[in-house]
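Peer 1: Read in order, the letters of the sequence shown are residues 1 to 218 in UniProt numbering. In this text, a Cβ means the ideal position worked out from N, Cα and C, and glycines have one as well. The structure that follows is given in the form of structure tokens.
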Amino acid sequence: MASGSEDSGSDIDGEMLTDDEDVSSDDDDLQFPEGGRGPWIPVFDQQNYVRDHIYDFITDGPVGPINRNIINSQPIDYFENQLSNGETSLFELLTNETNRYAAQFFQQHPVQNLPPNSRSRQWIDVTLAEMRTFIGLLLLMGIIQKPSIESYWSTNCLFNTPSFANAMSRNRFQLILKFLHANNNEQNPARDHPNYDLAGKLTEMVNLCNQGFSRNYR
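See the structure below:
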């Protein structure tokens, strides 16, 4: 019965467009009502546009993976090796800088001065293992999409995802997210300084990742 319905639908779809019908059109010939679709507008000056020079790709050796020590390793080994410059991993950087930022925060906002119900009162330094779990949950959120962070820890039987609560409590996840950092704030130029960089908070992390990519692939 199901296959018959599918075949019937296929026949209908095939009959809707035939060789006898002219399905092509030119935008210039179409008349659009007021408020309808407007004309195409180029995003650059067609008269004066000059295409950027495309440089030749030059290499003095083969292109491809250059770190053969991890061949036949597990996927997680490849992932972690890409995110390390050989001395420091991305997880170590995030762990150290997150704990540093939390310490800086509590210097300016002593625990005893925080509201009684403040989640920050529960802060303890994040460990490397916790940071790995935290990043793993962030990546998983890109696959399992929900309307809010809280919903990932929902106990509603219709849409709960117990793997999140099994890995880390919601409060702990949100607390790490609150203090998550990838650089030392004390080394950032002030906003009115000529060397201030809007992306400065991410520069160290980006450099580390680029170094990791370069040591594994060329």
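Along the chain, which unbroken stretches of the alpha helix (DSSP H) at least 4 residues long are found entirely within the segment 86-151?
Peer 2: 90-108 and 128-143
Peer 1: Under the assumption that Leu137 contacts Phe173 (Cβ atoms under 8 Å), give the Cβ distance between them as a whole number of angstroms.
Peer 2: 6 Å
Peer 1: Could you spell out where the alpha helix (DSSP H) holding Thr203 opens and where it closes?
Peer 2: Counting along the chain, the alpha helix (DSSP H) containing Thr203 begins and ends at Gly200 to Ser214.
Peer 1: Could you check the C-alpha separation between Asp28 and Gln46 for me, to the nearest Å?
Peer 2: Low confidence applies to Asp28: its pLDDT is 46, below 50, so where it sits in the model is not reliable enough to give any reading.
Peer 1: Have a look at Tyr49 and Leu198 and give me their C-alpha separation to the nearest angstrom.
Peer 2: 30 Å
Peer 1: With DSSP as the reference, label Tyr78 as helix, strand or coil.
Peer 2: Three-state result, Tyr78: helix.
Peer 1: To the nearest angstrom, how far is it from the Cα of Thr203 to the Cα of Ile135?
Peer 2: 19 Å
Peer 1: Give the range of the alpha helix (DSSP H) segment to which Asn171 is assigned.
Peer 2: Arg170 to Phe179
Peer 1: Can you tell me whether Ser84 is buried or exposed, with buried defined as 16 or more other CB within 10 angstroms of its CB?
Peer 2: buried
Peer 1: Looking only at DSSP bridge pairs, what is Pro65 linked to?
Peer 2: Tyr217
Peer 1: When you compare the CB of Ser169 with every CB in chain B, is at least one pair closer than 9 Å?
Peer 2: This model lacks chain B altogether; it includes just one protein chain.
Peer 1: Are three or more beta carbon pairs between the segment 159-176 and the segment 137-150 nearer than 8 Å?
Peer 2: With the cut-off at 8 Å, the segment 159-176 and the segment 137-150 touch.
Peer 1: Specify, as a first and last residue, the run of the alpha helix (DSSP H) that Ser84 falls within.
Peer 2: Careful: Ser84 lies outside any alpha helix (DSSP H) and carries neither H nor E.
Peer 1: Going straight from the alpha carbon of Lys201 to that of Asp77, what length do you get?
Peer 2: 27 Å
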